[in-house]
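Some notes on the structure that comes next.
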Amino acid sequence: MKKREPISHIMTKSVVTVNQNDDLTQVVEKLKANSIRHLPVVNGKKVVGIISRTDINRLTFGALFDGQEGSDEAVLQMLTIPQVMTSKPKTVSSDVIIRDLAEIFSKEEFHALPVVDNGELKGIVTTTDVIRYFLEQYD
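In case it helps, the UniProt record's numbering puts the sequence shown at residues 1 to 139.
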């Protein structure tokens with residue numbers, strides 16, 4: 001097993017993001033269109049938050065109540081991304097060792113971290129990326 005491998009080897013480099021001024025319907029569209037669960041929220045190149053599929057699911061009612069599909073849209077129109085996102089998320093740099101990242105994920109309650117170098121978003125890394133990496137070590 002490679003012991004000092006940096007997360008730059010497993011992170012997603014072409015990150016789908018939303019701007020803090022976008023609306024929540026754009027978040028839903030991007031999550032669905034890209035089959036992803038987390039979106040960094042940016043202001044220019046700076047990460048100001050992160051929003052997840054779980055954050056959106058907490059707001060919507062369609063899955064819970066029959067005939068309430070329109071209420072989901074109304075809720076998404078009433079709220080803004082800054083009201084729903086996790087502000088000032090923990091970030092990691094691309095040179096963090098994968099083992100150290102795994103330790104962070106095992107102790108914290110989040111499943112994705114923006115990768116930021118010199119104040120600029122460079123990627124995103126998830127628990128799934130780490131699991132895939134460790135599984136490859138067994139091949």
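Here a beta-carbon is modelled for each residue, glycine too, at the ideal position from N, C-alpha and C. Just so you know, these numbers come straight off a predicted model, no measurement behind them.
- If the five residues before and after valine 75 are omitted, its C-beta is found closer than 6 Å to the C-beta atoms of Leu59, all from its own chain and listed in chain order.
- Runs of the beta strand (DSSP E) lying entirely within the segment 31 to 91 and spanning at least 3 residues, in chain order: 38 to 43, 46 to 52.
- If the five residues before and after lysine 122 are omitted, its C-beta is found closer than 6 Å to the C-beta atoms of Ser94, Val115, all from its own chain and listed in chain order.
- In the displayed model, glutamate 120 falls within a strand according to three-state DSSP.
- In the three-state reduction of the DSSP assignment, valine 16 falls in the coil class.
- Exclusion of the five residues before and after valine 47 leaves Pro40, Val41, Pro89, Thr91, Pro114, Val116, Leu121 as the residues of its chain whose Cβ lies within less than 8 Å of its Cβ.
- When secondary structure is reduced to three states using DSSP, valine 130 falls in the helix class.
- Ranking Tyr133, Glu136, Tyr138, Thr127 by CA distance to the CA of isoleucine 36 puts Thr127 first.
- Proximity to lysine 45 across Lys32, Gln20, Arg53 peaks at Gln20, based on C-alpha coordinates.
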